[in-house]
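In what follows, a single structure is set out as structure tokens and then discussed.
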Amino acid sequence: MFMENKASDGEQPRVGVYVCYCGMNIASKVDVEAVRQFAEKLPNVVVSRTYKFMCSDPGQELIAHDIKEQNLNRIVVASCSPLLHDATFRKACAKAGLNPFYFTMANIREQVSWVTANSAAATKKAEALVAAAVARVAMHEALEKKRVPVHADVMVVGAGISGIHAALLLANAGKKVYLVEREPSIGGHMGQLDKTFPTLDCSACILTPKMSEVKNHPNITLWTLSEVQEVSGFSGNFKVKVKRNPRFVKLELCVACGQCVEACVFKEGRVPDEYNIGLSKHKPIYMPFPQATPASVLIDPNACLKLSRGKCASKCVEACDRAAIDFEQKVEYSEVDVGAIILATGYQLFDAKKMPEYGYGKYPNVYTMIELERLVNAAGPTQGEIVMRDGRKPKRVGIIHCVGSRDKRHHPYCSSVCCMVSLKMAHLIRERIDAEVFNFYIDMRTTLKGYEEFYDRVLHDGVNFVRGRVAEVTDWAMTPGEEGKLVIRVEDTLIGVVRRIPVDMVVLATAMEAHDNADDVRRKFNISCSKEGWFLERHPKLAPVSTFSDGIFLAGVCQGPKDIPESVAQAGAAAAEALALVDKGFVEIEPNSACIDADTCSGCKTCVPLCPYHAITFDAEKKISAVNEALCKGCGTCVGSCPSGAAQQKLFTDEQLHQEIEGVLNYV
Amino acid sequence: MRYLYYPGCSLKGTGKAYDESLVAVFDKLGMDVKELPGWNCCGATAYMSVDETKAFALAARNLALAEQENGSDPIHLIAPCAACYLVLNKVQKYMGEYGHLREVIANSLKAVGLNYHGTVKVRHPLDVFVNDIGLDKIKAAVSHPLKGLKVASYYGCQVVRPYADFDNQYNPQTMDQLMKALGAEAVDWPLKTRCCGGTLTGTVEEAGLRMSYILLKEASKRGANIMATACPLCQFNLECYQGKMRGTFGDSIDLPVAFFTQIMGRAFGLEAKRIGLQRLFVPVKAAPAMA
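Residue numbers (numbering that gives the first Met the number 0), protein chains in the order written: chain A, 0 to 667; chain B, 0 to 290.
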């Protein structure tokens with residue numbers, strides 16, 4: 000049994016325990032009344048009550064009332080996760096004049112009722128957690144939250160449509176924005192698309208005005224060919240180190256006239272063009288695409304003879320009358336302070352070669368959807384002509400949905416945009432070359448505004464729809480009619496037969512997937528990933544653009560598959576969240592920092608190099624270590640490593656933890 | 000690596016040539032592979048569909064026998080027949096995944112004084128030749144490079160599906176690589192893993208014949224002058240019915256179908272009889288470098 004322990008500050012603890020029904024969320028498994036009765040008999044407990052919804056106003060009033068009437072000095076609420084309502088109940092305590100840190104929560108919903116099948120076991124576990132909380136709260140101390148001023152600038156990482164939109168909103172609100180983009184131009188995937196569904200707006204026509212607005216905005220500092228190297232600090236006060244790769248062309252001088260490209264010693268392109276997905280080649284000095292922003296050429300150092308071998312006639316230098324070419328440019332590092340960071344790092348496309356049954360890479364006339372986007376685009380490798388790799392125009396085209404999506408071998412999730420992309424492409428093919436088009440789908444997902452109507456329109460275009468997952472694409476001809484064709488073998492599940500459909504061209508609607516380096520990026524920003532690699536939002540419904548790291552927000556597909564309107568909406572939300580943070584002017588910091596007891600510290604310095612935030616300094620004169628509270632993030636590393644027990648963390652002191660453990664163990 | 004050889008019933012009957020050529024090739028490559036003493040039928044796919052539990056126990060007996068031969072290294076049990084390879088692997092996986100099944104099998108084995116801990120590795124000879132022995136060593140053993148031989152490698156449905164992790168399920172390559180190492184040309188064709196008809200030739204003959212015919216026709220069309228197989232039933236279906244196919248489909252199908260080990264043996268310069276070439280119904284003499 001417990002000792003009648005005195006509170007940490009010498010006062011006799013008078014604990015109030017409040018057990019929540021949470022409607023049926025807790026009460027369907029936990030015998031709430033039994034927990035109340037159990038708590039009533041625990042040492043130091045003065046009041047023990049139940050209530051249907053503790054978080055409601057009357058619930059909070061109940062606590063405030065008891066604090067005043069019963070002279071309570073410690074509060075325990077047994078309800079849901081502290082992530083949801085810790086702040087609610089702390090406020091309720093403060094309102095009644097009690098220091099909010101004389102409060103603790105026992106989570107009997109997420110950790111008990113939602114995960115325990117047996118009712119008796121659930122009740123017992125709830126009792127153990129309540130006992131632990133009661134024992135712990137006696138050791139709590141009065142603490143103050145610190146207020147730290149925030150930096151008003153914001154960084155946006157990734158300049159696809161999401162990053163562009165977020166950056167413009169913030170800049171228009173008067174904030175200084177650093178927009179960091181890995182590629183030589185902003186624009187992202189949207190810049191590669193021909194038309195957008197369901198309205199068939201030209202993608203470039205609606206995107207490029209925003210791109211040029213970014214370029215000309217006085218509040219936006221645009222860094223292309225750049226990557227975030229290191230992030231330190233915390234919400235409101237991040238320090239970000241950005242690596243800026245050389246362009247070998249002076250941005251401020253280049254006017255993208257193209258004389259240098261013309262003059263390059265290579266008469267033909269030799270590097271697969273990323274913008275055209277390798278369907279064309281560019282020279283070592285090149286313009287990424289006509290509307291590239293910033294509008295400047297750049298040099299690929301691996302392909303350029305001067306930069307890779309040191310020997311070249313450097314005709315480009317001669318050709319440039321503005322002397323913009325600079326082979327001496329080096330990698331630069333910039334360090335900036337920002338209050339908030341928005342991640343809009345986007346996605347990559349599933350590698351169709353991982354499904355050899357569809358023949359991508361084996362049969363030249365099998366294309367990915369993004370390749371076809373470039374083929375139908377006027378700025379693409381064929382100037383918008385739909386011509387296949389073998390030079391023919393297709394008379395029959397098969398579009399295969401869900402390549403890599405909704406497939407347990409690859410990605411179990413739905414990429415959400417491919418149905419609409421496939422419909423759009425079917426429409427464009429019908430319109431441009433009047434070819435016969437087959438769409439092979441599992442389910443048609445056309446859920447948003449105007450999408451179903453577009454589906455209907457494409458049905459009336461005369462596009463064929465076959466419901467079934469395609470088994471394979473093969474050049475095995477069974478009949479003379481199939482000779483020289485690609486045969487799509489599929490079970491048509493609407494008519495219940497296996498079909499062989501010969502086509503000239505196959506288009507694979509490949510899945511959206513998280514970047515290969517998503518895990519490195521999330522580590523850099525100290526956020527989490529879902530198991531598919533998408534960055535994890537703080538709450539799927541109520542905090543969809545926040546992360547578990549305060550001050551870091553998500554926009555666009557890096558959080559999960561979505562189309563352009565959704566990405567833009569989310570970018571707006573992320574910008575608003577960032578604004579709310581930096582405009583507030585300060586952040587409150589949880590007082591869970593570590594401190595080192597000067598009397599017990601032996602001066603061994605074990606903790607100093609272990610601190611990930613460089614918050615510990617060694618005082619050579621006194622021969623002891625000390626924590627800088629402004630830098631301490633409360634990770635507890637120093638506490639765990641301190642051989643003499645001198646390092647302690649507020650809200651997690653040894654005493655508090657021992658009491659909590661003892662509380663659980665006494666009742667399990 | 001310690002190997003044991005599990006021939007299975009077919010290799011002692013209709014697939015005798017597979018047995019003979021495989022053993023000869025082991026020998027030529029200096030591999031010490033003895034036959035698993037006291038082995039029994041794996042039950043094949045047929046018994047699985049009659050009584051799964053008993054079929055598992057029957058097949059597991061072979062794994063238990065092999066495990067007894069474990070030394071410091073686990074035994075690699077080479078199962079050349081596609082059905083044996085599949086069934087033995089299936090038992091292995093199911094025993095690992097399903098506790099209740101493991102118990103039932105353990106009890107059956109106990110009744111005959113055996114037990115099995117799951118340490119044996121079931122391997123297909125294609126996997127062993129390409130990944131253990133290595134193509135370099137195989138190239139070095141070639142004395143009669145198979146110049147002009149155009150091989151359609153036919154893996155069948157069971158070797159790479161669903162268990163083999165040594166090759167790609169949709170476009171397997173190991174046999175093709177092996178054939179290239181022997182100096183032959185590997186014909187790229189899309190039906191490498193399409194079913195030959197299996198037991199259909201014995202039940203619904205017309206359907207079975209058609210499935211085999213599709214394979215032979217496509218391989219011929221792609222320029223193959225021989226087909227290599229890795230399964231006794233595939234070899235039987237594809238070779239023995241060619242006369243009937245000619246009658247049924249009015250097509251001049253005439254393509255030698257040999258075990259891939261026979262083709263290896265030929266490249267290694269082994270005597271025709273040692274690798275069972277005389278047992279083939281469609282003579283391989285017509286194919287270049289096979290005479």
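Beta carbons are placed, not taken as given, at the ideal position from N, Cα and C, and that holds for glycine.
Is the CB of residue i under 8 Å away from at least one CB in chain B?
i	result
Tyr-666 (chain A)	no
Met-0 (chain A)	Confidence at Met-0 (chain A) is low in this model, with a pLDDT of 35, below 50, so the placement of that residue should be treated as unreliable; the coordinate-derived value is given next. Chain B, which has no Cβ nearer than 8 Å to the Cβ of Met-0 (chain A), makes this no.
Asp-474 (chain A)	yes
His-543 (chain A)	It is worth fixing the name first, because residue 543 (chain A) is Pro in this sequence and not His. No, no contact with chain B.
Glu-356 (chain A)	yes
Asn-364 (chain A)	no
According to the Cβ coordinates, are residue i and residue j closer than 8 Å?
i	j	result
Ala-510 (chain A)	Val-638 (chain A)	no
Ala-476 (chain A)	Arg-488 (chain A)	no
Val-150 (chain B)	Glu-184 (chain B)	yes
Ser-152 (chain B)	Ala-227 (chain B)	yes
Val-121 (chain B)	Leu-145 (chain B)	no
Asn-43 (chain A)	Pro-12 (chain A)	yes
Leu-206 (chain A)	Gly-190 (chain A)	yes
Val-239 (chain A)	Met-154 (chain A)	yes
Pro-99 (chain A)	Phe-585 (chain A)	no
Pro-300 (chain A)	Phe-237 (chain A)	no
Thr-220 (chain A)	Tyr-285 (chain A)	no
Gly-662 (chain A)	Val-34 (chain A)	no
Thr-173 (chain B)	Leu-125 (chain B)	yes
Arg-466 (chain A)	Thr-492 (chain A)	yes
Gln-658 (chain A)	Ser-161 (chain A)	no
Ile-225 (chain B)	Val-283 (chain B)	yes
Thr-103 (chain A)	Val-75 (chain A)	yes
Val-141 (chain B)	Leu-181 (chain B)	yes
Ala-343 (chain A)	Ala-554 (chain A)	yes
Glu-226 (chain A)	Arg-181 (chain A)	yes
Within the 8 Å Cβ cut-off, does residue i reach chain A?
i	result
Pro-189 (chain B)	yes
Tyr-169 (chain B)	yes
Lys-15 (chain B)	no
Glu-217 (chain B)	yes
Assuming residue i and residue j are in contact, meaning their beta carbons sit under 8 Å apart, how far apart are those beta carbons, in whole angstroms?
i	j	result
Leu-609 (chain A)	Ser-643 (chain A)	Contact flag wrong, Cβ pair sits at about 15 Å.
Ala-673 (chain A)	Ala-577 (chain A)	Beyond the ends of chain A as shown, which are 0 and 667, falls residue 673 (chain A); an answer cannot be given.
Leu-3 (chain B)	Leu-35 (chain B)	5 Å
Val-506 (chain A)	Tyr-362 (chain A)	That pair is no contact at about 12 Å.
Kindly indicate the opening and closing residues of the alpha helix (DSSP H) around residue i.
i	result
Tyr-177 (chain A)	Tyr-177 (chain A) -> not in any alpha helix (DSSP H); beta strand (DSSP E) instead, spanning 176-179.
Leu-64 (chain B)	51-67
Ala-127 (chain A)	118-136
Val-607 (chain A)	606-609
Could you spell out the range, first to last residue, of the beta strand (DSSP E) harbouring residue i?
i	result
Ile-137 (chain B)	Per DSSP, Ile-137 (chain B) belongs to no beta strand (DSSP E); it is in the alpha helix (DSSP H), 134-140.
Met-104 (chain A)	102-106
Thr-464 (chain A)	The sequence shown places Phe at residue 464 (chain A), rather than the Thr named in the question. Run containing Phe-464 (chain A): 463-466, per the beta strand (DSSP E) assignment.
Asn-438 (chain A)	435-440
Leu-507 (chain A)	504-509
Asp-618 (chain A)	615-618
Lys-146 (chain B)	Looking at the DSSP string, Lys-146 (chain B) is not in any beta strand (DSSP E), and its letter there is neither H nor E.
Checking the sheet assignment: what are the DSSP bridge partners for residue i?
i	result
Trp-676 (chain A)	It is not possible to answer for residue 676 (chain A), since the shown part of chain A is limited to 0 through 667.
Met-226 (chain B)	B:Ala-151, B:Val-256
Asn-98 (chain A)	None, per the DSSP bridge assignment.
Thr-367 (chain A)	A:Leu-507
Asn-236 (chain A)	A:Phe-233
His-281 (chain A)	A:Val-270
Tyr-359 (chain A)	A:Tyr-362
Glu-659 (chain A)	Per DSSP, none; premise fails for Glu-659 (chain A).
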